[in-house]
Amino acid sequence: MTARLLPALAVVLWSAAAAAQIDNSALECGSSDTYFPRGDHWPMRGSDTPAGTGVTVRYQPNGADGVTSGAAQTAIQNAFNAWTNTTSPCSPNIDVTRGTDYPSRDRGDSYVCVSPAGPCTSSCTAGCNLQSYNNVVYFVNTTAAWAEIADSQTLALTTNPFIPDTGYTVTSDMEFNDAYFNWRVSGSGCSSSSSTCYDVFTVAIHEAGHFLGFNHVQCADAVMYPSGTNTMTRTGLSSHETKGLCAIYRARAAVTNKDTMEQCTSTADCPSSPTHVCIKPQGHGAGSTWGWCARTCATNSNCGDGFICATADVGTRFCKPGVNNTGQVSPSAV
């Protein structure tokens with residue numbers, strides 16, 4: 013049995029020198045509750061907005077060879093549900109719902125060049141801006157297409173374009189390697205005796221963690237362990253994931269407007285006790301929807317587990333997801 017890689021791709025947005033790199037970083041295992049907040053997260057919409065305004069994913073309908081499209085999509089959505097529908101030890105404030113099918117095998121994102129204006133090609137000198145986007149889940153079925161994504165030994169890859177200043181996740185895509193591997197769902201598809209046959213749900217529940225902003229931990233019992241074997245079959249989250257989920261996407265408080273980590277347009281939207289700010293990227297003022305309610309801070313001790321006291325480009329100190337009392341071997345302190 014060969015362990016295969018399950019990395020994440022971090023994409024920095026809104027920078028003239030936009031960066032994208034495979035992220036295989038992992039936090040050393042320190043306890044049964046070790047988790048690794050990467051720093052980006054999905055702001056939820058809050059109770060004052062209509063239902064169904066959480067994160068929507070779209071599935072490319074063709075699926076994997078040997079597995080019916082419906083079975084594969086259901087397995088992947090069940091993996092998302094394992095994260096978002098958990099009730100113990102909390103009911104997390106995060107929702108990932110299935111949208112309409114996406115027609116093609118691509119990430120569904122469109123970029124335009126800042127200068128010279130036009131398509132993002134090798135002649136683009138001033139960076140590319142994200143113009144439109146979808147959260148797409150699909151199986152990549154040709155070696156040529158997969159070569160543009162990751163190496164042949166990578167089972168799947170989740171890509172998270174986010175705003176580095178504030179950690180606001182803009183979009184995310186999940187790609188499964190159907191060019192070099194085979195897939196199974198509940199007994200259908202390939203045989204687990206084959207070294208290239210992997211369980212869709214088992215891989216998807218790991219990738220869903222990347223989708224939600226979690227990196228690897230070197231705890232063999234964790235869903236977010238950085239590799240897996242073809243015989244592995246997971247059925248749900250471990251204590252590592254539930255601890256992290258409830259810290260970063262904590263249960264919603266009984267507020268009438270916005271709660272911590274929810275999308276906002278102004279600080280007036282956010283809780284006042286403790287003090288919060290609607291943190292936005294530099295240059296985004298009133299009316300911009302790229303803000304989220306963050307607790308203000310002076311040190312990490314003001315933020316709670318799973319958050320660090322960060323400084324935004326505008327100079328505001330705010331609590332942002334990060335490694336702080338997350339079960340690591342040497343807890344950070346400020």
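Residue 13 is where the sequence shown starts when you use our numbering, and the numbers rise one by one after that. Think of the CB as a built atom: it goes at the ideal place given N, C-alpha and C, for glycine as much as any other residue.
Excluding sequence positions up to five away, which residues of its chain have a Cβ less than 7 Å from the Cβ of Y367? With the chain covering only 13 through 346, there is no way to say anything about residue 367.
If you reduce the DSSP assignment to three classes, tell me which class E160 lands in. It is coil, neither helix nor strand.
Consult DSSP for H222 and reduce its assignment to one of helix, strand or coil. Here H222 sits in helix by DSSP.
For P73, count neighbouring C-beta atoms within 10 Å of its own C-beta (all shown protein chains included) and say buried if the count is 16 or more, exposed if not. Looking at its Cβ environment, which holds fewer than 16 other Cβ atoms inside 10 Å, P73 is exposed.
Can you name, in chain order, every residue of its own chain whose Cβ lies under 8 Å from the Cβ of N105, other than the five neighbours on each side? Scanning its chain for C-beta atoms nearer than 8 Å, with the 5 sequence neighbours on each side dropped, one finds around N105 the residues M56, Y261, R262, A263, R264, D271, M273, E274, in chain order.
Would the segment 176-183 and the segment 211-221 be scored as touching if the rule is three or more Cβ pairs under 8 Å? Counting Cβ pairs under 8 Å, fewer than three are found: no touch.
Could you compute how far the alpha carbon of C276 sits from the alpha carbon of A266? In a straight line, the C-alpha of C276 is about 17 Å away from that of A266.
Beta-carbon spacing of G256, F48 below 9 Å: In contact: G256 and F48 (Cβ atoms closer than 9 Å).
Note the first and the last residue of the continuous alpha helix (DSSP H) segment covering E253. From DSSP, the alpha helix (DSSP H) with E253 extends over 251-260.
Counting only the same chain and skipping the five closest in sequence on each side, list residues whose C-beta sits under 8 Å from that of A191. Here A191 has V152, N153, T154, T155, A157, W158, S164 as same chain residues with Cβ atoms under 8 Å from its own Cβ, once five neighbours each way along the sequence are excluded.
So, does the segment 292-312 touch the segment 160-177, judging by three or more C-beta pairs under 8 Å? Contact between the segment 292-312 and the segment 160-177 is present: three or more C-beta pairs spanning the two stretches fall below 8 Å.
Which term fits A322, buried or exposed, when burial requires 16 or more other beta carbons within 10 angstroms of its beta carbon? With 16 or more Cβ atoms within 10 Å of its Cβ, A322 is classed as buried.
Quick one: grab the DSSP three-state call for V215. Here V215 sits in helix by DSSP.
Reduced DSSP secondary structure (H/G/I, E/B, other) of Q85: The answer is helix: DSSP assigns Q85 an H, G or I state.
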